[in-house]
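The next block holds one structure in the form of structure tokens; read it before the comments.
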Amino acid sequence: MDRRQFLTTSVGTLAGIPGLATTRLSPAQESGERPARPANVRVLNPLGRVPLSFIIDDSTCLVNLAHFAIPQFHEVFPDRYLQDWRSLPREIPDSFVRTFLEWCHESGIKGKYSIVPYPACVGWIDRDLPGWSRRELDNSLALVRNLALPDWDIHPEMVSHTWVIDTKTGRPYPERTEHFMENWRWTDGKSVDELADYLAYALRILRNVGLPCEGITTPGGFGNRVLPQLSQATFEACRDVFQTEIPHYFRHLFTDDRSVAPRVEYASGLDTDDPQCVVSIIGCTGDWFGGWDGLTLGSVDRFITPTLDGGRLPEVIDRGEPAVLVCHWPGIYYNGELLGFRIFQEVVRRLHTRYDHLLWMKLSEIARYWAAKELTSIQPAANTLQLDAPFATPRFTLEFEGHATSDPIFQTATTMLRLRRVNDRKLLRDGSWCEEQGRVIMAIDLPRGKSSLKGLTLG
């Protein structure tokens, strides 16, 4: 069990601890406003497909976080973290980063890639990394900007992923206890403002090196006992540093029967010029690739079995929820043996052998779609559905009982588009529609604001 899984699954057993969330780690904070919807209209997944995404934790430039973090964890927990960290490579080379990102791009993979700003206090990615030249650091950052950004969201995984940093001095606090480690208890009792200050500090470092961010990833148990404050602080920090329209965060993963659908939280101002929300993205797998320390051999079959009908991913995909896989970068590299990478490649091969309705998406794309999915007002009128969207999204797909009279028309404030009919929902693209057993399915590039679908007969 890795750090994130331990802290996710253990909260239910710690409910007696003061300040701990009183629910069994339900990640849903206050949902906020929701528009009224007719019962016979339903917003589907984008293009009627099942989103996939790949979350990479503990990644950064050059530094193998496992090598440098294990002795710091051990300092606080001397009976744990007994791995021979000196035998682990100190670097995950850019040659592997390039190989990995190029293969993912060719395979259509999208997801989230962490860049820890001050990895294990080795050095600052916007200043220097002792042990590497400035040119090596600059080349590593350029590789991320050029190859990762098109397909991957970049997140800070807080500042160091080990010791807590004093944001006034840029130095770690001197106390060496779990209360001054990002992975453990520092966030206990922290306010929205205190958390937002810390998140914004991390985000500004990434901004300094030209890496835009729309969300954050929490290291280990960061924020577990202040979930409402974490959600709101994510919104405040991302809005402050990057003016992000729809901030999102990755804090939770579930491998049991709980829903892993994204949670749209603290929605407000939906009928104003400044609609607001924050989205919690939930992982659906453990790290079964190679572990956070690059020492635990993973298993393809835990994701999807050779028969293609067993394992965690078919459970999630078959119920139509986004399947967000989770890994740690040292386990993908696996000490230069690339065993985690090979496991991932086989997982992808099996998935696309079994399914033909999957859609790889970045976390920010999933967050945007779910915000539009839950917060767009849909009202029926004469042969029309009137839409009012606080957030735009491509591939907005809805279904209703009834029929379409010839080709329906999608009208916005500035354009009018006659939708193209297709014979199967698997052929849906923006600007198309189909009929299935008395139901009409439409996919549109939804703009922010008011629009309408005309030429409909609603059941």
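Position 101 of the sequence shown, counting from 1, maps to 186 under our numbering, and the rest follow consecutively.
C-beta: ideal position from N, C-alpha, C; glycine also.
Buried or exposed by the 16-neighbour rule on C-beta atoms within 10 Å, applied to PHE162: For the purposes of this step, residue 162 is taken as residue 77 along the sequence shown, with counting starting at 1. When all chains shown are included, PHE162 counts as exposed.
Assuming TRP414 contacts ASP179 under a Cβ cut-off of 8 Å, what Cβ separation, rounded to an integer in Å, is found between them? Indexing the sequence shown from 1 puts residue 414 at position 329. Indexing the sequence shown from 1 puts residue 179 at position 94. The C-beta separation of TRP414 from ASP179 comes to about 13 Å, leaving the pair out of contact by the 8 Å criterion.
Using the C-alpha atoms, what's the distance from VAL385 back to LEU355? Residue numbering aside, residue 355 sits at position 270 when the sequence shown is read from its first letter. Residue numbering aside, residue 385 sits at position 300 when the sequence shown is read from its first letter. Approximately 43 Å, taken between the alpha carbons.
From the DSSP output, which residues share a beta bridge with GLN361? One-based indexing of the sequence shown puts residue 361 at position 276. According to DSSP, GLN361 bridges with SER353.
For PRO313, three-class secondary structure by DSSP: Residue numbering aside, residue 313 sits at position 228 when the sequence shown is read from its first letter. The three-state reading of DSSP puts PRO313 in helix, counting H, G and I together.
So is LEU531 buried or exposed if we call it buried at 16+ other beta carbons inside 10 Å? In the sequence shown, residue 531 corresponds to position 446, counting from 1. Around the beta carbon of LEU531, 16 or more other beta carbons sit within 10 angstroms, so the residue counts as buried.
Could you name the residues that DSSP lists as bridge partners for ALA498? Indexing the sequence shown from 1 puts residue 498 at position 413. In the DSSP assignment, ALA498 forms no beta bridge with any residue.
Return the residue from the list ALA154, LEU504, ASP342 that minimises the CA-CA distance to ARG165. Reading the sequence shown from its first residue, position 80 is the one you call residue 165. For ARG165, the nearest C-alpha among the options comes from ALA154.
Beta-carbon separation (whole angstroms), GLU486 vs VAL349, contact threshold 8 Å: Position 401 of the sequence shown, counting from 1, holds the residue named residue 486. Position 264 of the sequence shown, counting from 1, holds the residue named residue 349. In this structure GLU486 is not in contact with VAL349, their Cβ atoms being roughly 25 Å apart against a cut-off of 8 Å.
TYR283 and THR252 look like a contact to me (Cβ under 8 Å); what is the Cβ gap, rounded to whole Å? Here residue 283 refers to the residue found at position 198 of the sequence shown. Here residue 252 refers to the residue found at position 167 of the sequence shown. The beta carbons of TYR283 and THR252 sit about 6 Å from each other, so the pair counts as a contact at 8 Å.
Test item: CB-CB of SER462 and PHE495 under 8 Å: Here residue 462 refers to the residue found at position 377 when the sequence shown is read from its first residue. Here residue 495 refers to the residue found at position 410 when the sequence shown is read from its first residue. Not closer than 8 Å, so no.
Would you kindly report the start and end of the unbroken alpha helix (DSSP H) that includes THR184? Start at 1 with the first residue of the sequence shown, and residue 184 comes out as number 99. Segment 179 to 192, the alpha helix (DSSP H) holding THR184.
Mind checking whether SER276 and GLN314 have CB atoms under 8 Å apart? Within the sequence shown, numbered from 1, the residue matching residue 276 stands at position 191. Within the sequence shown, numbered from 1, the residue matching residue 314 stands at position 229. Judged by beta-carbon spacing, GLN314 lies within the 8 Å limit of SER276, meaning their Cβ atoms are closer than that value.
By how many angstroms is the C-alpha of PRO131 removed from the C-alpha of ALA121? In the sequence shown, residue 121 corresponds to position 36, counting from 1. In the sequence shown, residue 131 corresponds to position 46, counting from 1. Roughly 21 Å between the two C-alpha positions.
In three-state terms, what does DSSP make of ALA346? Numbered from its first residue, the sequence shown carries residue 346 at position 261. It is coil, neither helix nor strand.
Can you name, in chain order, every residue of its own chain whose Cβ lies under 7 Å from the Cβ of ARG183, other than the five neighbours on each side? As a first step, residue 183 must be located in the sequence shown, where it is residue number 98. Leaving aside the five residues that flank ARG183 on each side, the residues in its chain whose CB is nearer than 7 Å to its CB run, in chain order, LEU228, LEU232.
Whole-angstrom distance between GLU242 and PRO479, CA atom to CA atom: Mapped onto the sequence shown, residue 479 falls at position 394. Mapped onto the sequence shown, residue 242 falls at position 157. Spanning the two alpha carbons is a distance of roughly 28 Å.
Let's see if you can read the secondary structure: which residues bound the alpha helix (DSSP H) around HIS159? Position 74 of the sequence shown, counting from 1, holds the residue named residue 159. That run of the alpha helix (DSSP H) goes 150 to 161.
Quick one: Cα of GLU176 to Cα of ASN149, how far? In the sequence shown, the residue the question calls residue 176 occupies position 91. In the sequence shown, the residue the question calls residue 149 occupies position 64. Straight-line Cα distance between these residues: approximately 5 Å.
Length of the line joining the Cα atoms of ALA205 and GLY544: Locating residue 205 in the sequence shown gives position 120, counting from the first residue. Locating residue 544 in the sequence shown gives position 459, counting from the first residue. The C-alpha of ALA205 lies about 59 Å from the C-alpha of GLY544.
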